[in-house]
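K.L.:
After the structure tokens below, expect a handful of questions from me.
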Amino acid sequence: MASTVRDFEDLLTEAEAASVDGWDFSWLAGRAEEERPPWGYARLLAARLATVETALDLDTGGGEVIDEAPVLPPRMTVTESWPPNVALATARLGPRGVRVVTPRADGRLPFADGSFDLVTARHPVRTDWPLIARLLRPGGAFLAQEVGPRSAAELTEHFLGPQPGPDGREPATARAAAEAAGLRVVDLRTASLRMVFHDIGAVVWFLRKVIWIVPGFTVAAHRPALRRLHERIRAEGPFLAHSSRFLIEARKPGRASAAGR
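According to UniProt numbering, the sequence shown is numbered sequentially starting from 1.
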């Protein structure tokens, strides 16, 4: 690709200047690709949202995934903590009647027990299972696509070296935590997916946006490793990594309302 022969400094400058607000990855078009999980989370989410009266989406980003749903519940709420994303979500979802809530400084949410038929999340920062159990009505469901173990480990280890032990994102750990909170896991699926980076600018932009892959990443702090990876891509072709995802659905015991079935 043409971008692989561009100057190292130009690629870094371009990627550092590009916006990483929201949860839109279109900047990577033609520069990086990632396989999609086979279950089609956005489609599953849209189907569920059309069947309930009340729903909450956690860590919604700029509201992009929720906005894909053609039908939203009469009472739809989303949470987001990063101010640029709060503004994006409000502009995108506000006209559809969605309430955008910013968590309190201590992370608490201002919702009463049993407020929602459905709680959802796509790549949440952290899944607070006791909170989800508290917010769900009896018979309600939690549906999430989560980042799995050692996601993009090839990138992490290029910059940080070998990483010892599990990283806390194992599906079995999520199942145990859900059950400990009193929920019943009714679906759990996993996928390992190819990620291909065609130039170092794509790597920089991705690491600026997906901040947990290389915690504390900056171009200044990681310039030598970026240079090595740039030269590797030039010599050997695109850099290959693998993302890890899992889909989990858990239900709260009890009888669901007719609208939430």
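Glycine is no exception: its CB is placed at the ideal position from the N, C-alpha and C atoms.
Exposed or buried, what is V203 when buried is set at 16 or more other beta-carbons lying within 10 Å of its beta-carbon?
P.N.:
Within the sequence shown, residue 203 is the residue found at index 203, counting from 1. Looking at its Cβ environment, which holds 16 or more other Cβ atoms inside 10 Å, V203 is buried.
K.L.:
Just tell me which of A250, R245, W205 and A55 has its CA closest to the CA of A18.
P.N.:
In the sequence shown, counting from the first residue as 1, residue 18 sits at position 18. A18 has its Cα closest to that of W205, out of A250, R245, W205 and A55.
K.L.:
Kindly indicate the opening and closing residues of the alpha helix (DSSP H) around residue 263.
P.N.:
Only positions 1 to 261 of the chain appear in this structure, which leaves residue 263 out of reach.
K.L.:
With a cut-off of 8 Å, do at least 3 Cβ pairs link the segment 165–172 to the segment 222–232?
P.N.:
Output reads no: the segment 222–232 does not touch the segment 165–172.
K.L.:
Report yes if the C-beta distance between L49 and P83 is below 9 Å; otherwise report no.
P.N.:
Against the sequence shown, residue 49 aligns to sequence position 49. Against the sequence shown, residue 83 aligns to sequence position 83. Cβ atoms of L49 and P83: not closer than 9 Å.
K.L.:
Quick check: residue 282 and D187, are their CB atoms within less than 9 Å of each other?
P.N.:
The first residue shown for the chain is 1 and the last is 261, placing residue 282 beyond what the model contains.
K.L.:
Determine the DSSP secondary structure at V203, reduced to helix, strand or coil.
P.N.:
Reading the sequence shown from its first residue, position 203 is the one you call residue 203. Note: V203 maps to helix in three-state DSSP.
K.L.:
Pick from A241, H158, I213 and P166: whose alpha carbon is nearest that of H198?
P.N.:
Indexing the sequence shown from 1 puts residue 198 at position 198. When only C-alpha atoms are compared, the closest one is A241.
K.L.:
Could you tell me which residues DSSP pairs with T146 in its beta bridges?
P.N.:
The residue you call residue 146 lines up with position 146 of the sequence shown. Residue identity differs from the one stated: residue 146 is Glu in this sequence, not Thr. DSSP output for E146 lists F246 as bridge partner(s).
K.L.:
Short of 6 Å in beta carbon distance, which residues of its chain neighbour L56, apart from the five on each side in sequence? Order them along the chain.
P.N.:
Position 56 of the sequence shown holds residue 56. Excluding residues within five positions, the ones whose Cβ falls inside 6 Å are T77, F116 and V119.
K.L.:
Assuming A46 contacts E68 under a Cβ cut-off of 8 Å, what Cβ separation, rounded to an integer in Å, is found between them?
P.N.:
The residue labelled residue 46 in the question sits at position 46 within the sequence shown. The residue labelled residue 68 in the question sits at position 68 within the sequence shown. About 6 Å; that satisfies the 8 Å criterion.
K.L.:
Just tell me which of A177, S151, R175 and H158 has its CA closest to the CA of D167.
P.N.:
Position 167 of the sequence shown holds residue 167. The candidate whose alpha carbon is nearest that of D167 is S151.
K.L.:
Given a cut-off of 9 Å, decide if R99 and W23 are closer than it, judged by their beta-carbon atoms.
P.N.:
Here residue 23 refers to the residue found at position 23 when the sequence shown is read from its first residue. Here residue 99 refers to the residue found at position 99 when the sequence shown is read from its first residue. Cβ distance not < 9 Å, so W23 and R99 don't count as in contact.
K.L.:
Should I211 be labelled buried (16 or more other beta-carbon atoms within 10 Å of its own) or exposed?
P.N.:
Numbered from its first residue, the sequence shown carries residue 211 at position 211. Exposed, because fewer than 16 other Cβ atoms sit within 10 Å of the Cβ of I211.
K.L.:
Since G62 contacts D21 with CB under 8 Å, what's their CB separation in whole angstroms?
P.N.:
Counting from one through the sequence shown, the residue named residue 62 turns up at place 62. Counting from one through the sequence shown, the residue named residue 21 turns up at place 21. Between D21 and G62 the Cβ distance is about 7 Å, and since that is below 8 Å, they are a contact.
K.L.:
Per the DSSP calculation, T79 is bridged to which residue(s)?
P.N.:
On the sequence shown, residue 79 is found 79 positions in, with the first residue counted as 1. DSSP lists V101 as partners of T79.
K.L.:
At the level of alpha carbons, what is the spacing between A32 and E231?
P.N.:
Counting from 1 along the sequence shown, the entry for residue 32 is found at position 32. Counting from 1 along the sequence shown, the entry for residue 231 is found at position 231. Using only the alpha carbons, I get a separation of about 17 Å.
K.L.:
Quick check: does the Cβ of A133 come within less than 8 Å of any heavy atom belonging to the ligand SAM?
P.N.:
With respect to the ligand SAM, the structure shown offers nothing to examine, as it has no ligands at all.
K.L.:
Under 9 Å, do L93 and I132 count as touching if we go by C-beta distance?
P.N.:
As a first step, residue 93 must be located in the sequence shown, where it is residue number 93. As a first step, residue 132 must be located in the sequence shown, where it is residue number 132. Result no, Cβ atoms of L93 and I132 do not sit closer than 9 Å.
K.L.:
By a C-beta neighbour count over all protein chains shown, 10 Å radius and 16 as the cutoff for buried, is R96 buried or exposed?
P.N.:
The residue given as residue 96 occupies position 96 in the sequence shown. Exposed.
K.L.:
Could you check whether R134 and G107 sit closer than 9 Å to each other, using their CB atoms as the reference points?
P.N.:
Here residue 107 corresponds to residue number 107 of the sequence shown, with the count starting at 1. Here residue 134 corresponds to residue number 134 of the sequence shown, with the count starting at 1. No, the pair does not count as a contact, with Cβ atoms beyond the cut-off.
K.L.:
Just to confirm my understanding: we take P38, look at its own chain, exclude 5 residues before and 5 after, and list those with CB closer than 7 Å. What are they?
P.N.:
Numbered from 1 along the sequence shown, position 38 holds the residue referred to as residue 38. Answer for P38: A191, listed in chain order.
K.L.:
Look at L11 and I200 and say whether their C-beta atoms are less than 9 Å apart.
P.N.:
Locating residue 11 in the sequence shown gives position 11, where the first residue counts as 1. Locating residue 200 in the sequence shown gives position 200, where the first residue counts as 1. For L11 and I200, yes; Cβs fall inside 9 Å.
K.L.:
Mind listing, in chain order, the continuous alpha helix (DSSP H) runs of no fewer than 4 residues lying wholly within the segment 137–195?
P.N.:
As far as the segment 137–195 is concerned, its whole alpha helix (DSSP H) runs of at least 4 residues are 153–160 and 171–180.
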